[in-house]
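Residues 19 to 520, numbered by this note's numbering, are exactly what the sequence shown covers, in order. Report on one structure; see the data block that follows.
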Amino acid sequence: MASLSFSTLLKTRDYLHKYNLCSVLYTHGFVNRSFRARLSKRNFCTRFRGARHVLTKQTEPQNYASVMYASSSSSEDITKGLWTVYNETKKKTEDSIPAICKNSVNPDTIFANNEMSLGDIEIYGFDYDYTLAFYSNQLHTLIFNIARDLLIAEHNYPEGLRDYEYVPDFAVRGLHYDVQKALLMKIDAFHYIQLGTVYRGLHPVPDEEVIAMYDGIHVPLENMSDFYGKSSHGHTLKQFMDIFSLPEMTLLSCVNDFFMRHNIDYEPVHLYKDVKVNVPRLDTSVYCYKPGFFNDRRKPFRRVTETGVLLWDRIHKLEKGQIYKQGNLYEFLRLTGWRGSKVLYFGDHIYSDLADLTLRHGWRTGAIIPELRQEIKIMNTEQYVHMMSWVQALTGLIETMQVHRDPASQAVVQEWVRERDNMRSQSKEIFNSQFGSLFRTYHNPTYFSRRLSRFADIYMPSISCLLNYDFQHTFFPRRTPLQHEAPFWPNIRPADGRLDQD
């Protein structure tokens, strides 16, 4: 069997299960004339012959004389035919798993959203927190405890809150918090709430209640947070993009949980503001005046003496060995003569570190996503590969067979839908029991992923990943097929540069 990259197999998988379905359907004769015509028009068998040739060299399944055309079969025959197609598709999917598992993703890879060559970069810049400096897990526990005790000591919150401890694996980055409804949730790139990830306090809110509160699951643009993820100017949802916000989300959930369990009437807006004020801000963005430094043209630089005195003389150039304060990015670029496209800046905060630099100034940007390493390790497991492969194949089975509207067929299809829903819930829990992956809401990208792909040219779990590349390396984004495109271009394995054949 030819070796395929993990990415190629994942891209081809959606088309593969359609080929498998086509093969089984034609062999078994389980299609009526109109459906056969639609399949022929799409030309699935020809279109996916290449993928099938690489992924499996099995002989065609034998013809089962007992399977009849759907248009003339009894309910028992239809049901039997559907399950035959199901079993054949599942077998072919499982046969592809070993090849996928052999081509795992390297967690130390730098991933590209936009083509960029390090050979064009003259200046490298770095944020500090969670870019150059990482902290132990005890820091978040400390932040949680300090903020909790401040709520009790300075805002007269109940003493019973001391019974709550920090839960490290409760929340994930990128979640939204409805300030007025006191709900923590995950939203996808299309502004849809992922049902099953809406929490009031420490407990999930039933899907029916969520749909009733929001009149569906779509969140209008005017209710979303502003450009920097903040809740202001009438916006009701605040997005938590900062790694330091994990204890903040957990504390909000714990206090909400306490109030609900004790039937205490409270104003959610006041709670949100009190927690926000009392969570210790260790992020140096506060002291670097980001994002104001990137946008405000008014403040000039001031030189600082060794004793900390700010001098009043005009700055005509930035001298090596001197310390400067205030200023703004426009003045900084003028004094240094640097052009935006020659600068590569790394940071962990998608908004305050990267957004303005790439949109307003044309800097190249690199996002540091520490959570990426663990997510890749999970994705490389056989359990995850098996689950996702079958979810994709089963989705194609449902999509193809839904055209049969007779009760017997629909009963089988609905059973498949329930199986798919169960597997998608299991896949979510593999990453985080409450909210799932940082990057996915089931099949859609998360709102976090959308902003990451827009504001970061490259992204990686750690700045140390740069050590794997020389300074002339060009990062190329993987050409992911659009929904109307077939993935028939070759793909190069990052590990050894071997050419894969689709």
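In this text, a Cβ means the ideal position worked out from N, Cα and C, and glycines have one as well.
{"Asked": "Three-way DSSP call (helix, strand, coil) for F319 in this model", "Found": "strand"}
{"Asked": "Any chain B beta carbon closer than 8 Å to D126", "Found": "Note that chain B does not occur in the displayed structure, where there is just one protein chain."}
{"Asked": "Exposure of Q501, with buried meaning 16 or more beta-carbon neighbours within 10 Å", "Found": "exposed"}
{"Asked": "The region 445–453 / the region 185–197 touching (three or more Cβ pairs under 8 Å)", "Found": "yes"}
{"Asked": "Cβ distance (whole Å) where V361 is taken to contact I141 below 8 Å", "Found": "4 Å"}
{"Asked": "Cα-Cα separation, A165 to S114", "Found": "51 Å"}
{"Asked": "Entirely enclosed beta strand (DSSP E) segments - the region 213–297, minimum 3 residues", "Found": "255–257"}
{"Asked": "Delimiting residues of the beta strand (DSSP E) encompassing D2", "Found": "The first residue shown for the chain is 19 and the last is 520, placing residue 2 beyond what the model contains."}
{"Asked": "Close Cβ partners of G326 (< 6 Å) along its chain, the five nearest in sequence each way excluded", "Found": "none"}
{"Asked": "Nonlocal neighbours in the same chain, by C-beta distance under 8 Å from A429, ignoring five residues either side", "Found": "T97"}
{"Asked": "Inter-residue CB distance, R315 and Y348 (contact presumed, cutoff 8 Å)", "Found": "5 Å"}
{"Asked": "DSSP state of G365 mapped onto helix, strand, coil", "Found": "strand"}
{"Asked": "Per-residue DSSP class, three states only, for T492", "Found": "strand"}
{"Asked": "Option nearest T215 by Cα separation, candidates D225, A207, F208", "Found": "D225"}
{"Asked": "Burial state of F311, where buried means 16 or more other Cβ atoms lie within 10 Å", "Found": "buried"}
{"Asked": "Extent of the continuous beta strand (DSSP E) to which T383 belongs", "Found": "382–386"}
{"Asked": "Residue environment, D283, which counts as buried when at least 16 other CB atoms sit within 10 Å", "Found": "exposed"}
{"Asked": "Bridge partner(s) assigned by DSSP for D206", "Found": "T464"}
{"Asked": "Pair within 8 Å by beta-carbon distance, T383 and L390", "Found": "no"}
{"Asked": "Closest Cα partner of T418 within the set I161, Y104, D95", "Found": "Y104"}
{"Asked": "Sequence-distant residues of its chain with Cβ nearer than 7 Å to N486 (five each side left out)", "Found": "D126"}
{"Asked": "C-alpha distance - S443 paired with K204, whole-angstrom precision", "Found": "14 Å"}
{"Asked": "Cβ-based neighbour list, H194, same chain, cut-off 6 Å, excluding 5 preceding and 5 following", "Found": "M203, I205, L255, Q257"}
{"Asked": "For I328: DSSP bridge partner residues", "Found": "Sequence check: residue 328 is Leu here, not Ile. L328 pairs with V322."}
{"Asked": "Contacting residues, own chain, Cβ-Cβ under 7 Å from A207 (five flanking each side not counted)", "Found": "N462, P463, T464, Y465, S467, R468"}
{"Asked": "Alpha carbon of I396 to alpha carbon of A504, nearest angstrom", "Found": "28 Å"}
{"Asked": "Meets three-Cβ-pair contact criterion under 8 Å: the region 163–182 and the region 262–275", "Found": "yes"}
{"Asked": "Helix, strand or coil at R54 according to DSSP, with G and I counted as helix", "Found": "Low confidence applies to R54: its pLDDT is 48, below 50, so where it sits in the model is not reliable, and the reading given next is rough at best. Note: R54 maps to helix in three-state DSSP."}
{"Asked": "DSSP-derived helix/strand/coil call for G355", "Found": "coil"}
{"Asked": "Given 8 Å, three or more beta-carbon pairs between the region 270–281 and the region 169–184", "Found": "yes"}
{"Asked": "Same chain, Cβ closer than 7 Å to V435, five either side skipped, listed in chain order", "Found": "I416"}
{"Asked": "Where L328 falls, given that 16 or more other Cβ within 10 Å makes a residue buried", "Found": "exposed"}
{"Asked": "Close-in-space but distant-in-sequence residues of the same chain around G380 (CB under 7 Å, 5 per side omitted)", "Found": "G358, S359"}
{"Asked": "Limits of the beta strand (DSSP E) - the one that I164 falls within", "Found": "Careful: I164 lies outside any beta strand (DSSP E), inside the alpha helix (DSSP H) at 156–173."}
{"Asked": "Same chain only: Cβ atoms within 7 Å of S135, ignoring 5 sequence neighbours per side", "Found": "T492"}
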